[in-house]
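A quick write-up on the structure given underneath.
In my numbering, the protein residues as written are 219 to 808.
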């Protein structure tokens with residue numbers, strides 16, 4: 219592998235002023251974040267044989283990072299208190315959404331599910347499947363506030379939890395929500411779970427209890443590339459990537475849903491409640507006039523004894539999840555022993571983050587105050603501290619995991635963009651995961667003079683350079699929107715379009731092309747300005763965003779360190795899978 223050194227220059231009058239240099243690997247863009255190994259030295263990715271990956275005890279270099287000053291200045295007290303009041307309002311809304319989601323489809327649907335259908339509720343299923351309840355649920359508020367009504371949790375729970383000590387992605391249909399019917403948002407959530415599993419090479423467990431697609435919205439579910447059929451395409455690709463997939467049929471698998479268990483590597487079915495068929499008994503009667511029971515048409519005995527579509531027959535649900543746990547224990551992973559090393563906690567309380575979450579861009583405080591409440595021992599090795607000061611870059615650790623931090627601390631200027639580009643390439647060169655903390659300017663920079671036009675042109679080119687560096691970086695990337703996510707600056711800060719491994723929002727976050735109240739320069743009449751600002755106020759809300767699955771969930775500021783730590787552990791697990799390099803044809807069932 220060859221490396222080259224890039225030098226950046228600033229044009230000032232007729233002079234070229236040398237600014238910075240960055241190491242950049244010319245083949246970085248060739249490493250796809252899905253198809254390749256994400257977090258290993260480049261020599262290992264290219265030359266190391268698959269069988270040589272073994273877990274050995276290792277020790278990180280000791281941290282000599284300086285401690286960041288996270289103390290508040292008295293002058294900032296009024297800003298902190300205003301932010302805190304806003305954060306409490308946002309937190310209350312968060313708790314209301316959480317309560318709504320926990321109720322699923324409502325009391326009547328829950329009673330029908332448990333009493334008449336004799337099924338276990340979806341969260342109880344997860345308790346039986348997972349080692350503990352300390353799992354990372356993704357996009358729990360997806361499906362709320364949609365034009366076609368509220369679909370709590372989009373009708374399915376997705377997340378990452380431990381099974382026999384191994385982090386696994388799960389997707390579990392909640393049949394209390396609209397009878398398990400798949401809406402467009404349901405499909406989108408399931409596809410996102412598969413993408414996360416592919417990016418991070420996570421074994422996937424499907425808990426299938428689905429009534430098929432919601433026909434009145436079929437045009438938004440069936441025909442396009444990223445609609446329902448993509449689920450099965452992804453299953454085949456994941457199998458070829460040696461990502462294990464297991465299905466538990468704990469309810470109806472009708473129409474398209476029938477392909478999920480039949481394309482998995484192993485499938486378990488529960489007697490009397492699990493069924494698999496393309497067309498159910500009503501369709502058979504309509505087509506042939508014949509009456510047939512669900513059990514005879516596609517029940518557990520038929521598929522485990524006659525068709526061979528499933529591999530394990532379970533008398534009850536608890537037995538099915540025990541089978542699944544045993545299947546996961548056969549996977550070819552070699553996990554390291556638990557590390558008993560004591561992790562340094564931040565010197566400052568994470569509860570302070572409630573007052574540091576900006577209620578608007580003008581209430582943003584020095585982002586170092588936030589960083590000091592997230593990193594081990596509040597330590598941070600800043601990179602280019604005196605240059606491009608509106609972007610904070612540097613190295614830190616979160617629960618022992620080394621990371622690079624890129625955080626907005628003002629406008630993303632020309633100098634800040636060059637600095638960001640340099641730092642992202644540096645982390646990519648050293649295989650250090652990146653965490654972006656996004657709080658971008660509420661509107662684009664205005665061009666009011668010839669000098670400003672030249673400045674904005676240079677800024678545009680530098681931001682393009684940073685976008686290229688972020689897009690081509692092969693290391694894991696995580697983004698937390700701590701304030702605003704607006705305009706082109708958000709792309710350079712690894713917004714959703716730039717495919718981070720995980721993207722989370724704080725409840726105070728705003729996601730829109732412009733921040734509310736900043737449309738004056740782009741709209742002529744007062745009436746239009748009022749309408750646009752009202753629209754932006756509603757549509758930029760973190761809860762509007764997460765309801766449409768533009769992120770992986772809203773998290774409370776005080777939980778950020780815990781969530782990021784969990785994500786880093788999940789990402790790192792792919793190092794422990796043995797023999798994963800060779801691409802194969804997908805696993806094909808009988």
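For each residue, glycine too, the CB sits at the ideal point set by N, CA and C.
Computed from a prediction, not measured in an experiment: that's the story for all the values here.
Looking at the backbone, the Cα of residue 379 and that of residue 416 are separated by about 16 angstroms. With distances taken between CA atoms, residue 595 lies nearest to 614 out of 614, 389 and 583. 9 angstroms or more divides the Cβ of residue 433 from the Cβ of residue 651. Going by beta carbons, residue 600 and residue 612 fall inside the 9 angstroms limit.
Two segments are said to touch when three or more pairs of C-beta atoms, one from each, lie closer than 8 angstroms; by this definition the region 486-505 touches the region 460-477. Annotation: the continuous alpha helix (DSSP H) that includes residue 640 extends over 632-647.
Secondary structure in the region 530-581: the alpha helix (DSSP H) runs of 4 residues or longer, each lying completely within the stretch, are 535-546 and 571-574 in chain order.
Annotated as proximal: residue 357 and residue 407, with beta-carbon spacing under 9 angstroms. Non-local beta-carbon contacts of residue 531 in its own chain, meaning distances under 7 angstroms to residues more than five positions away in sequence, involve 487, 489, 518 and 522 in chain order. With a contact defined as Cβ atoms closer than 8 angstroms, residue 574 and residue 587 qualify at about 5 angstroms.
Rounded to the nearest whole angstrom, the CA to CA distance from residue 592 to residue 742 is 44 angstroms. For residue 708, no beta strand (DSSP E) run applies; the uninterrupted alpha helix (DSSP H) run containing it begins and ends at 707-710, by DSSP. The Cβ neighbour count for residue 507, taken over all protein chains shown within 10 Å, is under 16; the residue is labelled exposed. Residue pairing by DSSP puts residue 728 in a beta bridge opposite 702 and 759.
Residue 681 and residue 783 have their C-alpha atoms roughly 29 angstroms apart. The DSSP-derived three-state label of residue 668 is helix. In the three-state DSSP reduction, residue 308 falls in the helix class (H, G or I).
Less than 9 angstroms divides the Cβ of residue 403 from the Cβ of residue 767. By DSSP's assignment, residue 619 forms a beta bridge with 616. Restricting attention to beta strand (DSSP E) runs no shorter than 3 residues, the region 403-434 encloses them at 422-428, ordered along the chain. In the structure shown, residue 450 falls within a helical segment according to DSSP collapsed to helix, strand and coil. Here residue 299 is exposed. Its C-beta has fewer than 16 other C-beta atoms within 10 Å.
Annotation for residue 721: the continuous beta strand (DSSP E) segment containing it runs 720-723.
Distances from the CA of residue 795 to each of 313, 420, 400 and 343 were compared; the closest alpha carbon is that of 420.
For residue 782, the enclosing alpha helix (DSSP H) covers residues 778-790.
Linking residue 515 to residue 325 through their CA atoms gives a straight-line distance of about 31 angstroms.
DSSP links residue 625 through a beta bridge to 610 and 655. DSSP, read as helix, strand or coil, puts residue 386 in strand.
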